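Encoded as structure tokens, the structure appears first; notes follow it.
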Amino acid sequence: MTPDAPAALAAEAGALTAAAIATLEAVGSVAELTAARPDLLGRGSPLTGLRRRLGGLAPEDRPVAGRALSEALATVEARYDARLEELRAAERRRQLEAERLDLTELAEPPPLGRLHVITQTQRRLEDVFCAMGYTVAEGPEIETEWHNFGALNFPPGHPARDMYDTLYVDHGPPAGTLLRTHTSPVQVRVMQNQSPPLYVVAPGRCYRQDTADATHMPVFHQIEGLVIDDGITLGDLAGAIETFTTAYFGPGFTSRLRPSYFPFTEPSAEFDVQRPDGTWLELGGCGVVHPSVLEVCGVDSERWSGFAFGFGIDRLAMIRYGIADLRDLWTNDVRFLEQF
Amino acid sequence: MKVLLSWLQEFTPVEGSPQGIADDLSDLGLAVEEMVTFAAAPAGIVVARVAGLRPHPDADRIQLVDTDAGDGELRQVCCGAFNMAVGDLVPLATVGTTMPSGLEIGRRRMRGQASEGMLCSAAELEMGPDATGIMILPAGLEAGDDLTAALGVAGDVLFDLEVNPNRPDALSVLGVARDLAARRGLPFELPQPQVETSGAPAGESTSVEILAPDLCGRFSVRVLRNASGARTPPLLARRLLALGMRPINFVVDLSNYVMLEIGQPSHAFDADLVPGGALGVRRAAEGEQVETLDGVVRTLDAGDGVIVDASDRAIGIAGVMGGATVEISSGTQVVLLEAAWWNPTDIARTSRRLGLRSEASARFEAGVDPEIAPWALERFAELAAPGGVTLAPELVQAQGQLPPRPTVRVRTGRVNAILGTGLTPAEMRACLEPIGFGVSAAAGEPSPEFRSYPGEVWDVTVPSWRPDSSTEIDVIEEVGRLWSYSRISRTVPKSPHSGGLTARQRSRRRAHEVLAGFGLMEAMPLPFLAPGDLERCGLPPDGITVTNPLVAEESVMRTSLRPGLLKAVAYNAARRQPGVALFEIGRVHAPGDGELPFESDHLAVALAGHEAPAAAALWERLRRAMPFVPTEVRNEAVAGLHPTRSATLVAGGGTVGLLGEIDPAVTEAFDIAERVAWLECDLGLLLESHLDSPRYRPPSRFPSSDVDLAFVIDDATPAATVEGALRRAAGDTLVSLHLFDVFRDPDRLGADRRSVAWRLRLQAADRTLTDAEVGDIRAACIQAAAATGAALRE
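Given below as structure tokens:
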């Protein structure tokens, strides 16, 4: 047999390459493409099969023919790879397009959990005082008359008791078990159970015989502060109130003390907060702890002195959020609860 | 307490801007609640006398008033108010007047009747808040006079002060002026009344006896003659009117005026109605009756004080209200004018018991100056003299027990130590002396039990009008008050503590956050219940009762958070807001044997629109998120919950909570149409007393093996029982255990049984478990489950 002419082999390789490329162009999917690979580039493929015929060429023709054959295979391989990329990209495009979503189609999400506005306000207050080195004390809501009044320098029949419309509960004899009218009995319990120096706040519920309306409720929340230390002065009280005012309300707010009267503090004061617009907000009562109260609670009034303050939490929440009616705090309407 | 600037100026020459005066008063502790500058009435408003009142022929809401404006002509005015009587003086807006509102007064006809002008209320004139009727002017004004000129209050300033209970002295113009003068460094003087006496000595017309010296510290009487026909001087009437007190008659008006001016109430008796003018004071007999000025017969008890006549008949209630039988009238010739000092506690008790409070009783309760009564009586006489009233010589009085006037030992160093000031003794004196406190160097050695301070030691005398002041701290407060709190430099005490919450408080906050994180909203129901609320929840009615509630709905303290949250669910459901998920962490109260009732923090969750498993699942999530003591869920009927869908939470042998679903009968009683999954627990009992940080266990690097086991279990056996057995049998290599399938098939599994399947993941920290090890664990689990009655489903 006569050796193949290199030209014939080249012509055949060219034809097979063209056919293979046509096949590659014709397939429509990655699956078809990979299925076609053995026939185009596999060992048994016609193009690869031409290698076997190289041996039939004159030795001097073999390198040229071999190179041509390799180039043909490389051309098909490259085209295959390119085609694979194309088809994969097309398929990815199709898939992604098919998965197109309208992200503005929203079902109502489950409701968010919320803490009650009073809980949030109370925490904010606690956090301010904790940062000032105070701890948080608690006491019973149902109290003895002694803790609520007697120990706080309200003797029985004292007209100042009339300032509080007290609710009493039936806890058997002796009578005089009551719903605490202020958080101040916690002061008494703290002084009785701990030794100075004391820096505490006592938030909690208080009760008064009041008809519910936009500004009154028979139950409300107060926070009380008590500091007992060496050499505490009225100036310290004013400074502590000012520090609290700035920390809680923000810069631009300032405070003042005005003389007032509470049986358990002397000197006593009301404290007001001035807003940046110059208007005043009456916030609460405060004063230097009365020596009689210290003594009754087992604190040497010559050795220690202290101050106490107290104010309403509900009112602060109402002011901060623009709540006009106190009763709204207690309705538990989710349209109220979900706003905070 | 209302004061007028012009009245204050009678005691001290205070001047300057009204706002500046108001600021000083507030800074002295006399908070100015309201400040009113009296405007002039518009030109054209004149004083007119009501000469006649006639019904309108065609309208019953209008009457015809014949007014006399002093020009001899009667003008008919149609008026919609009915509070005036013939003879009253009223403001008349004459035709052509422009009212403050801009309204022009013209001649008009109302339902056919001519109206020449308009009668005005105080509000229409912007001279006061009263819009309920025509302003009745004080007698003594001249008809036809310009109203502003006649009243003489234009430009005057009214300060409405909030007076604290420790400042009875400030319940008078005098007391307010004293403070203001001291603050401003102005002279202040108590003027001596200028009054001449005449006629027979008072002792011939009256006598006084105190039979209850603890009740009555002083009882002073002066005798006034020629009282009939006297009229209240116009200036006094104007001031009373400006302060909102309607002039009534000469004696009452003067008594009120003197009380407002110096704080001493007084009372007048018609001498002709008191046999021999003999007055006595004693405690009432139990059940004794007296008819008071208001015509009501009051029954007294042995704690009340009475004023009696010579026959021992009660003719008045001490310090609270006079008696009807001795009331003065326009014909009274001789007045026994009495001013007394009553024990404040007694007056407080009586006025509260009888529900009778007056300006006078309020002052007696707060504590009147025990030395001022004679002065008050003379002042009354001075004011009455221009009306022809004469004062008999002699003050007739008796004395009981007056409050002691202690001398107070004051350390000037202590003053600075409490106030945080560095005042000199002279500066302190300058605060105290102008308000009547007397300062002198202390006599004798200071008591050794008191700390000594650098500075001086004083004996301070307290003025009679300051019954609140009796100790060193009281005097210190006065120094601070007069020096001004606003001048005290502010210091911030440095806490030696780090501050912060206790572990328990942090855990409670965490519970709030976890529940909110689960999508629940925190509710805040009222802690009060109505009678029957607990029963409606299926709970025992053992709530502590409030003995004096204003409304029955607030008469029981809650023993459970259930009624409150169910009401909240119902409230929302009634507003088309079903399916609410609410929680509360709050105090509950229960009767107890101790000094106080039991009180603890409970946690409760209501999931409306959900059934019991939702509560069980929520509990499981909560339990994992919280540092709770180990608990066990036990299926059992719970009062008020769905009896076959409820469980208790048990810890340490005691019940600490419950969960399940609200009994359908209970939801029905609360008008709730939905199912309500329910969880309730005692947070106090659940929280670990100790918060140990969990120890970290690194995840194993070795492969894990999963074992799935399905068992057929009797319905009576809780899944938790089998699960516990599996957990114990699997031992240390168990890293997780999940129940993943439950099904029932009576045909294949039998009735009252179900198949429950668990997946156990096994993994050792230090090696790959061999097939043999996994097989052994599987076998041990099957055996352990079998011991609970669970049969492996092959």
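Protein sequence lines correspond, in order, to chains G and X. Just so you know, the first sequence maps onto residues 265 to 604 in our numbering. Just so you know, the second sequence maps onto residues 200 to 993 in our numbering. For every residue, glycine included, the Cβ atom is placed at its ideal position computed from N, Cα and C. Just so we're clear, the structure is a prediction, and the values are computed from it rather than from any experiment.
Practice item. Could you name the residues of chain G that S685 of chain X contacts, counting a contact when the two beta carbons are closer than 8 Å? Key: By Cβ distance, chain G contributes R520, L521.
Check your understanding: With C-beta atoms as the reference, is P464 of chain X less than 8 Å away from A338 of chain X?
Key -> With respect to the 8 Å criterion, P464 of chain X and A338 of chain X are not classified as neighbours on the basis of their beta carbons.
Practice item. To the nearest angstrom, report how far apart R438 of chain X and A239 of chain X are at their CA atoms. Key: Inter-residue distance for R438 of chain X and A239 of chain X is about 15 Å (C-alpha atoms, whole angstroms).
Check your understanding: In three-state terms, what does DSSP make of H411 of chain G?
Key -> Note: H411 of chain G maps to helix in three-state DSSP.
Review point. Using a C-beta cutoff of 8 Å, does W206 of chain X count as contacting chain G?
Key: Not an interface residue.
Exercise for review: Could you tell me which chain G residues have their CB closer than 7 Å to the CB of S694 of chain X, listed as they occur along the chain?
Suggested key: Per Cβ cutoff of 7 Å: M396, G397, Y398, Y463.
Point to revise | Strand pairing of R952 of chain X, partner residues [DSSP] | key: X:D913.
Exercise for review: Identify, in the order they occur along the chain, each residue of the same chain with its Cβ nearer than 7 Å to the Cβ of V407 of chain X, setting aside the five sequence neighbours on each side.
Suggested key: Taken in chain order, the residues that qualify are F418, V420, L478, V595, Q596, A597.
Check your understanding: For G279 of chain X, does the three-state DSSP call read helix, strand or coil?
Key -> DSSP places G279 of chain X in coil when its eight states are reduced to three.
Point to revise | Cα-Cα separation between M265 of chain G and L273 of chain G, rounded to whole angstroms | key: Because M265 of chain G sits at a pLDDT of 43, beneath the cut-off of 50, its placement in the model cannot be relied upon, and the following sentence gives the value as read from the coordinates. So the alpha carbons of these two residues sit roughly 15 Å apart.
Check your understanding: Going by the beta-carbon positions, is the gap between E142 of chain X and E810 of chain X smaller than 8 Å?
Key -> No answer is possible for residue 142 of chain X: the residues shown for chain X start at 200 and end at 993.
Point to revise | Coarse secondary structure for S685 of chain X, derived from DSSP in three states | key: If DSSP states are grouped into helix, strand and coil, S685 of chain X belongs with the helices.
Exercise for review: Tell me whether M298 of chain X sits in a helix, a strand or coil according to DSSP, three-state version.
Suggested key: DSSP places M298 of chain X outside both helix and strand once states are collapsed to three, so it counts as coil.
Review point. Which whole-angstrom value is the C-beta distance of F393 of chain G and V465 of chain G, which I expect to be below 8 Å?
Key: Approximately 4 Å separates the beta-carbon atoms of F393 of chain G and V465 of chain G; this is inside 8 Å, confirming the contact.
Point to revise | Backbone CA spacing between G843 of chain X and L938 of chain X [nearest angstrom] | key: The sequence given here places Thr at residue 843 of chain X; Gly does not occur at that position. Across the structure, T843 of chain X and L938 of chain X are spaced so that their CA atoms are roughly 21 Å apart.
Practice item. Using a Cβ-Cβ cut-off of less than 8 Å, give me the residues of the segment 484 to 510 of chain G that come near chain X, in sequence order. Key: Within the segment 484 to 510 of chain G, the residues whose Cβ lies closer than 8 Å to some Cβ of chain X are V491, D493, G495, I496, T497, L498, G499, D500, A502, G503, A504, E506, T507, listed in chain order.
Check your understanding: Any residues in the segment 572 to 594 of chain G with a beta carbon nearer than 7 Å to a beta carbon of chain X? Which ones, in chain order?
Key -> Within the segment 572 to 594 of chain G, the residues whose Cβ lies closer than 7 Å to some Cβ of chain X are L593, W594, listed in chain order.
Review point. If you measure from the beta carbon of G698 of chain X to each beta carbon in chain G, is any gap under 8 Å?
Key: Answer yes: the Cβ-Cβ gap between G698 of chain X and chain G drops below 8 Å somewhere.
Check your understanding: So is T297 of chain X in contact with chain G if we call contact Cβ pairs under 8 Å?
Key -> Contact of T297 of chain X with chain G is not assigned, every C-beta pair being separated by 8 Å or more.
Review point. Taking a cut of 8 Å between CB atoms, which residues from the segment 449 to 482 of chain X lie near chain G?
Key: Within the segment 449 to 482 of chain X, no residue has a Cβ that lies closer than 8 Å to any Cβ of chain G.
Check your understanding: Can you find a C-beta in chain X that's less than 8 Å from the C-beta of L601 of chain G?
Key -> For L601 of chain G, the answer is yes, since a Cβ of chain X falls inside 8 Å of its Cβ.
Check your understanding: Can you name the residues of chain X whose CB is closer than 7 Å to the CB of L547 of chain G?
Key -> Ordered by position in chain X, no residue passes the 7 Å Cβ test against L547 of chain G, which lies about 14 Å from the chain.
Practice item. With a floor of 3 residues, list each beta strand (DSSP E) that falls wholly inside the segment 505 to 593 of chain G, ordered by position along the chain. Key: Secondary structure remark: continuous beta strand (DSSP E) runs of at least 3 residues inside the segment 505 to 593 of chain G, in chain order: 518 to 526, 529 to 538, 544 to 553, 569 to 576.
**Study point:** Proximity of P527 of chain G and L443 of chain G at Cβ, strictly below 8 Å
**Key:** No, they are not a contact pair.
Check your understanding: For a contact meaning CB atoms closer than 9 Å, what does V433 of chain G contact in chain X?
Key -> Neighbours of V433 of chain G on chain X, chain order: I743, T744, V745, T746, M756, H788, P796.
Point to revise | Check whether E879 of chain X and A803 of chain X have beta carbons under 8 Å apart | key: Cβ distance < 8 Å, so E879 of chain X and A803 of chain X count as in contact.
Review point. Checking contacts by CB at 8 Å: is V656 of chain X closer than that to chain G?
Key: Chain G contact via Cβ: absent.
Exercise for review: Give the straight-line distance between the Cα atoms of L333 of chain G and R358 of chain G, rounded to the nearest whole angstrom.
Suggested key: Computed Cα separation, rounded: 37 Å.
Practice item. Determine which residues of the segment 397 to 421 of chain X have a Cβ less than 9 Å from any Cβ of chain G, and write them out in chain order. Key: From the segment 397 to 421 of chain X, no residue has a Cβ closer than 9 Å to chain G.
Exercise for review: Take every Cβ of the segment 404 to 411 of chain G, pair it with every Cβ of the segment 589 to 599 of chain G, and state whether three or more of those distances are shorter than 8 Å.
Suggested key: Because the criterion of three Cβ pairs below 8 Å is not met, the segment 404 to 411 of chain G and the segment 589 to 599 of chain G do not touch.
Practice item. List the residues that DSSP assigns as beta-bridge partners of P653 of chain X. Key: DSSP output for P653 of chain X lists no bridge partner at all.
**Study point:** Neighbour list for S688 of chain X in chain G, Cβ cutoff strictly below 9 Å
**Key:** In chain order, G499, A502, G503 make up the part of chain G whose C-beta sits under 9 Å from the C-beta of S688 of chain X.
Review point. Are the Cβ atoms of L719 of chain X and F782 of chain X separated by less than 8 Å?
Key: Yes, these two residues count as a Cβ contact at 8 Å.
Review point. With distances taken from CA atoms, which of X:E388, X:T297, X:V750 is nearest E209 of chain X?
Key: If you compare the alpha carbons of X:E388, X:T297, X:V750 with that of E209 of chain X, the shortest gap goes to X:E388.
Exercise for review: Look at the Cβ atom of P569 of chain X, then the Cβ atom of S668 of chain X, and state whether they are nearer than 8 Å.
Suggested key: Judged by their CB atoms, P569 of chain X and S668 of chain X are not nearer to each other than the 8 Å cut-off.
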